[in-house]
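The sequence shown maps to residues 4 to 394 in our numbering.
First the structure, in the form of structure tokens, and then the observations on it.
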Amino acid sequence: MTTTPAPSVAAAPAAAATPSLLATLAGHHYTDPEIFRQEQEKIFERLWFCAVRSADLERPGAFRTVRVGRESVLITRNRAGALRAFLNVCRHRGAQLCTEESGEVRRNLQCPYHAWTYDLDGRLVAAPNLQKMPDVDRGERALVAVPLREWLGYAWVCLAEEPPSFEETVIGAAVERLGDAASLDRYRTEGLALGERRTYEVAANWKLIIENFMECYHCATIHPELTEVLPEFADGFAAQYYVGHGAAFAEEATGFTVDGTEGFGRLPGIEDTQDRRYYALTVRPQVFVNLVPDHVIVHRMFPMAPDRTVVECDWLYLPEVVASGADVSKSVELFHRVNAQDFDACERTQPAMHSRAYRAGGVLVPSEHHIGVFHQWVTDRLAGEEVPCQE
């Protein structure tokens, strides 16, 4: 009796390069702990990282700890009202200074191990028996400061010894996408108030989340509510595909809400050409900004492991809208559904990154070709080539 050989289960070959199909990163770029370590070191620890909303630290002594690459960063507001950032490490024996994610101290920061105490500018001000050690230079034992800039109402930190230009690498992302910085400035995000915040634990690599956000080839498949409000997304081209383009609302949609009903009054700074349009931009390496006429949605990603990313999403409105107790649930629900749909898709993709079928990677269709520029940017960063990414 003859038998038919079983089909081969060897790794699928890499797709041939064609004008329509571009190769993606190989599967191990989404699973390899060593690659993730290099990304932490060469991307998240060397570029500006959006850490916390400034208004979350309202009073002197308020603090929050944030994971940036492999470091815990402590951000607090000092007595003069300025935000300061430090590595969250006591200079005595290396204990973590603040073990809670957020909180508030009355005057100083005190290590829970040996009670070394620092003021809100990071200076060592007290320690047991410190008076008996007159040769100790308190300045040399201060907390390690981290550069901090505020933009869009958020505190951005950078762990690099020589931080890159904030104007070129952060504000420049808005120029690349929108055509000019003024188009974003008109939304006056720094003056908006937090209407809702949701945190998502996503079992997927951070790059899968960015890739998903950058394209809309999937929109007709998994985003029925979004394509009802933004019908052009059903054609597969995301707003980020075109410089300066904002996706137009459907004629019957009166607001960016889950059912297309009216939202709130137009933000006072935006122009008529920006009304009834949705704009999106990616600020590498971990921020998404979504702009609509009556509110702004900001996503911050915190990569925790090769297959785990925490995403914090803020919905921002005019202060009077929030203060009035207005019901923002319909506008929140629209993008919450988009988030849930996107993150579910990323979590369905992550397991396949280990598969032999994806060992050589996949392909990008024409409406996704701009993702290839992101892939090249990541590759260049890991190779030590600090080449800017033009979308």
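No residue lacks a Cβ here, since even glycine has one placed at the ideal position from N, Cα and C.
So does the region 89-98 actually touch the region 59-77, counting three or more Cβ pairs closer than 8 Å?
Yes: the two stretches touch, three or more of their Cβ pairs being nearer than 8 Å.
Which term fits Q208, buried or exposed, when burial requires 16 or more other beta carbons within 10 angstroms of its beta carbon?
Locating residue 208 in the sequence shown gives position 205, where the first residue counts as 1. Checking the sequence shown, residue 208 turns out to be Asn, not Gln. Under this definition N208 is a buried residue.
Bridge partners for Y400 per DSSP, in chain order?
Given a span of 4 to 394 for the chain in the structure shown, any question on residue 400 remains unanswerable.
Less than 6 Å between C-beta atoms, sequence neighbours within five positions excluded: which residues of the same chain meet that for R70?
Within the sequence shown, the letter at position 67 stands for residue 70. For R70, where only same-chain residues beyond five positions count, the Cβ hits under 6 Å are F305.
Y320: which of V341, L270 and V313 sits nearest, CA to CA?
Your numbering for residue 320 matches position 317 in the sequence shown. When each option's Cα is compared against that of Y320, the closest is L270.
The alpha helix (DSSP H) spanning S334 covers which residue range?
Here the question's residue 334 lines up with position 331 in the sequence shown. Taken as a continuous stretch (DSSP letters only), the alpha helix (DSSP H) holding S334 covers S332 to T352.
At the level of alpha carbons, what is the spacing between E279 and K333?
Your numbering for residue 279 matches position 276 in the sequence shown. Your numbering for residue 333 matches position 330 in the sequence shown. Residue identity check: residue 279 is Arg in the sequence provided, not Glu. For R279 and K333, the distance between alpha carbons rounds to 17 Å.
Is it true that the CB of A223 sits closer than 8 Å to the CB of G249?
Here the question's residue 249 lines up with position 246 in the sequence shown. Here the question's residue 223 lines up with position 220 in the sequence shown. Not in contact: G249 and A223 (Cβ atoms no closer than 8 Å).
Got a sec? Which residues, its chain only, sit under 6 Å from L28 by beta carbon, not counting five neighbours each side?
For the purposes of this step, residue 28 is taken as residue 25 along the sequence shown, with counting starting at 1. Closer than 6 Å at Cβ, skipping near neighbours: G364 and H378.
Would you say H31 faces chain C, with C-beta separation under 8 Å as the test?
Note that chain C does not occur in the displayed structure, where there is just one protein chain.
Shortest alpha-carbon distance to V149 belongs to which of L197, R49 and I300?
Within the sequence shown, numbered from 1, the residue matching residue 149 stands at position 146. The shortest C-alpha separation from V149 is found at R49.
Alpha carbon to alpha carbon, how far is D262 from A256?
Indexing the sequence shown from 1 puts residue 262 at position 259. Indexing the sequence shown from 1 puts residue 256 at position 253. About 8 Å.
What is the rounded straight-line gap between the Cα of L24 and the Cα of L367?
Along the sequence shown, read from residue 1 onward, the residue named residue 24 stands at position 21. Along the sequence shown, read from residue 1 onward, the residue named residue 367 stands at position 364. Using only the alpha carbons, I get a separation of about 5 Å.
Taking the DSSP output, what are the residues bridged to C53?
Within the sequence shown, numbered from 1, the residue matching residue 53 stands at position 50. Answer by DSSP bridge pairing, in chain order: W159.
Use the C-beta contact count for Q289: other C-beta atoms within 10 angstroms, 16 or more gives buried, fewer gives exposed.
Here residue 289 refers to the residue found at position 286 when the sequence shown is read from its first residue. Classification of Q289: buried, given that the 10 Å Cβ count is 16 or more.
Going by DSSP, which residues form a beta bridge with L77?
As a first step, residue 77 must be located in the sequence shown, where it is residue number 74. In DSSP, L77 forms a bridge with T68 and F89.
Expressed to the nearest angstrom, what Euclidean distance is found between the alpha-carbon atoms of S57 and T21?
Stepping through the sequence shown from its first residue, residue 57 is reached at position 54. Stepping through the sequence shown from its first residue, residue 21 is reached at position 18. Approximately 47 Å between the Cα atoms of the pair.
Once DSSP output is grouped into helix, strand and coil, what is the label at I300?
Taking the first residue of the sequence shown as 1, we reach residue 300 at position 297. Looking at I300 - three-state DSSP - the assignment turns out to be strand.
In whole angstroms, what separates the C-alpha of Y361 from that of R351?
In the sequence shown, the residue the question calls residue 361 occupies position 358. In the sequence shown, the residue the question calls residue 351 occupies position 348. Each residue's alpha carbon lies about 14 Å from the other.
In chain order, what are the residue ranges of uninterrupted beta strand (DSSP E) at least 3 long that sit wholly in the region 167-237?
You should have 196-205.
Would you identify the three-state DSSP class for G106, choosing helix, strand or coil?
Position 103 of the sequence shown holds residue 106. In this structure, G106 counts as strand in the three-state DSSP scheme.
Taking the C-alpha atoms as reference points, what is the distance between A98 and I225?
As a first step, residue 98 is located in the sequence shown; it is residue number 95 there, counting from the start. As a first step, residue 225 is located in the sequence shown; it is residue number 222 there, counting from the start. Answer to the nearest angstrom: the Cα atoms are 46 Å apart.
Excluding the five sequence neighbours on either side, which residues of its own chain have a C-beta within less than 6 Å of the C-beta of V301, listed in chain order?
Your numbering for residue 301 matches position 298 in the sequence shown. Closer than 6 Å at the Cβ level, and outside the excluded window around V301, lie V292 and D317.
Might you give, ordered along the chain, the residues of its own chain that have their beta carbon closer than 6 Å to the beta carbon of A163, omitting 5 neighbours on each side?
For the purposes of this step, residue 163 is identified with residue 160 of the sequence shown, where counting begins at 1. Cβ within range, chain order: R49.
For N215, count neighbouring C-beta atoms within 10 Å of its own C-beta (all shown protein chains included) and say buried if the count is 16 or more, exposed if not.
Position 212 of the sequence shown, counted from the start, is the residue given in the question as residue 215. Result: buried.
Would you say R73 and Q43 are within 8 Å of each other, going by their C-beta atoms?
Walking along the sequence shown from the start, residue 73 turns up at place 70. Walking along the sequence shown from the start, residue 43 turns up at place 40. Yes, they are a contact pair.
Counting along the chain, where does the beta strand (DSSP E) carrying E37 start and finish?
On the sequence shown, residue 37 is found 34 positions in, with the first residue counted as 1. Element bounds for E37: not the beta strand (DSSP E) but the alpha helix (DSSP H), P36 to E42.
Taking its Cβ as the centre, do 16 or more other Cβ atoms sit within 10 Å of V139, making it buried, or is it exposed?
Translated into the one-based positions of the sequence shown, residue 139 becomes position 136. Result: exposed.
Opposite W318 in the DSSP bridges: which residues?
Within the sequence shown, numbered from 1, the residue matching residue 318 stands at position 315. In the DSSP output, where bridge partners are listed per residue, W318 has E199 and I300.
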